[in-house]
Amino acid sequence: MEALKKALGELYAEFGHTPVTVRLSQILDRYLAEEQRGRLEDERNKLKTSCAR
């Protein structure tokens, strides 16, 4: 994901604030949020499992 963030930064630097760069940024934000949500759910499930013992 870091490589994608860097690539997006390069697009902004080269092309500026355009509908395409804005949309790409929104898509990347969504993917990052989904990735974080998945990690948090995994952690929550691990805690539930360890507390149930």
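Residue numbers (the working numbering): 35 to 87.
Just so it is clear, CB atoms sit at the ideal spot from N, CA and C, and this is done for glycine as well.
Where threonine 83 is concerned, the enclosing alpha helix (DSSP H) starts and stops at 53-86. Between the region 56-69 and the region 37-47 there are three or more inter-stretch CB-CB distances shorter than 8 Å, so the stretches are counted as touching. Looking at Ala86, Arg64, Pro53 and Thr52, the one whose alpha-carbon comes closest to that of leucine 38 is Arg64.
By a beta-carbon distance limit of 8 Å, methionine 35 does not contact leucine 74. Their separation comes to about 16 Å.
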